[in-house]
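Those letters in the sequence shown? Residues 14 to 177, per our numbering, in order. Have a look at the structure below, then the notes.
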Amino acid sequence: MQMKFFIDTFSWKKIDILGELELFSIEPVYDSLEMCITHAVLTEITHFKLRSCILEKTQVLPYKDNKVYQDALVFGFDEADASIVSHGVDEEDVYIISEDRPLLAFGKGYGIKIIQLIDFMKVLTVLEIVSKKNLYQINRKLRAVKNISKKRETSIKKWLKENP
C-alpha cells in the first residue's frame, strides 16, 4: 500500500514559500506518494490562492471518521483541520501534516500519525526525493522564521550527521 499524506492549508502555504525560495518543489513528490486533501482544505487552498497543491494529482476526499471529526470541531478546530485529522485513525499508511501545535497534540491523543512539515521533509529525504543538502537548507529556513524550535532544528542536524 502506498503512503498517503494529508496536508493542512498552512503547510501548503509553507510549501508555496519554500518553492518561491527555490528550496523545495512538490512536483517530484507526486511521482512517489499519494497526496490528499479534503473538500474543506480545497476550499481554503482556493480562497488563499495557494499554488503548490497540484489539484489534478491530488485526491480530494470528504471527512472520514465522524467521531474524530466531531470531536475536533468540539475542541475548536475548523472544518479543514477536523476533516484531515479524521483520516488518520486506524490507518497504517496515512500521515497528517500540520503546523498547528494544538492539532498535533489532538491527533497524537487519538494515535494518529501526525507530523510537522519538517518531519515530512525528513521522510522525503529518506525516500531520496529531497536531498540532504536541501533538508539542511529547509531546516535552517524554518528555524530562521521560528517555525521550528531550536531543539527540533538541532535534532534534524543531528540526524543529517548520523545519516551521511
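A virtual CB, placed ideally from N, CA and C, is assigned to each residue, including glycine. All figures in this text were calculated on a predicted structure; none of them were measured in a lab.
Evaluate contact between the stretch 35-48 and the stretch 79-86, counting only Cβ atoms and requiring at least three cross-stretch pairs below 8 Å. no
Helix, strand or coil at V143 [DSSP, three-state]: Taking the sequence shown and counting its residues from 1, the one referred to as residue 143 is at position 130. If DSSP states are grouped into helix, strand and coil, V143 belongs with coil.
Helix, strand or coil: which one does DSSP assign to Y108? In the sequence shown, residue 108 corresponds to position 95, counting from 1. Looking at Y108 - three-state DSSP - the assignment turns out to be strand.
Nearest residue (CA-CA) to E112, options S144, D21 and K17: Working through the sequence shown from its first residue, we reach residue 112 at position 99. Taking only the C-alpha atoms, the option nearest E112 is D21.
Can you grab the Cα-Cα spacing for the pair E105 / I97, in whole Å? Counting from 1 along the sequence shown, the entry for residue 105 is found at position 92. Counting from 1 along the sequence shown, the entry for residue 97 is found at position 84. Going from the Cα of E105 to the Cα of I97 covers about 15 Å.
Supposed close pair F37, I151 - CB separation, criterion 8 Å: Counting from 1 along the sequence shown, the entry for residue 37 is found at position 24. Counting from 1 along the sequence shown, the entry for residue 151 is found at position 138. Right, their Cβ atoms sit about 6 Å apart.
Figure out for me which residue from K145, I58 and K163 has the closest Cα to the Cα of T71. As a first step, residue 71 must be located in the sequence shown, where it is residue number 58. T71 has its Cα closest to that of I58, out of K145, I58 and K163.
Rounded to the nearest angstrom, what separates I169 and L55 at their Cα positions? Walking along the sequence shown from the start, residue 169 turns up at place 156. Walking along the sequence shown from the start, residue 55 turns up at place 42. Rounded to the nearest angstrom, the two C-alpha atoms are 31 Å apart.
Which of the three DSSP states, helix, strand or coil, is assigned to M16? For the purposes of this step, residue 16 is taken as the residue at position 3 of the sequence shown. Reduced to three states, the DSSP call for M16 is coil.
DSSP state of Q150 mapped onto helix, strand, coil: By one-based count along the sequence shown, residue 150 stands at place 137. Helix at Q150.
Other residues of its chain near R165: CB distance less than 7 Å, five sequence neighbours each side excluded: Locating residue 165 in the sequence shown gives position 152, where the first residue counts as 1. Taken in chain order, the residues that qualify are I131.
Using only the alpha-carbon positions, how far apart do L68 and T51 sit? The residue you call residue 68 lines up with position 55 of the sequence shown. The residue you call residue 51 lines up with position 38 of the sequence shown. Roughly 11 Å between the two C-alpha positions.
Please confirm whether I128 and I110 have their CB atoms less than 7 Å apart. Translated into the one-based positions of the sequence shown, residue 128 becomes position 115. Translated into the one-based positions of the sequence shown, residue 110 becomes position 97. It is a contact, given that the beta carbons lie within the stated cut-off.
For Y149 and H60, I'd like the C-alpha separation in whole angstroms. In the sequence shown, the residue the question calls residue 149 occupies position 136. In the sequence shown, the residue the question calls residue 60 occupies position 47. C-alpha separation (whole angstroms): 31 Å.
Per-residue DSSP class, three states only, for Q129: The sequence position of residue 129 within the sequence shown is 116, counting from 1. Three-state DSSP puts Q129 in coil, outside helix and strand.
For a test of the three-state rule: what should DSSP assign to L74, helix, strand or coil? Residue mapping note: residue 74 aligns to position 61 of the sequence shown, counting from 1. Of the three classes helix, strand and coil, the one that applies to L74 here is strand, per DSSP.
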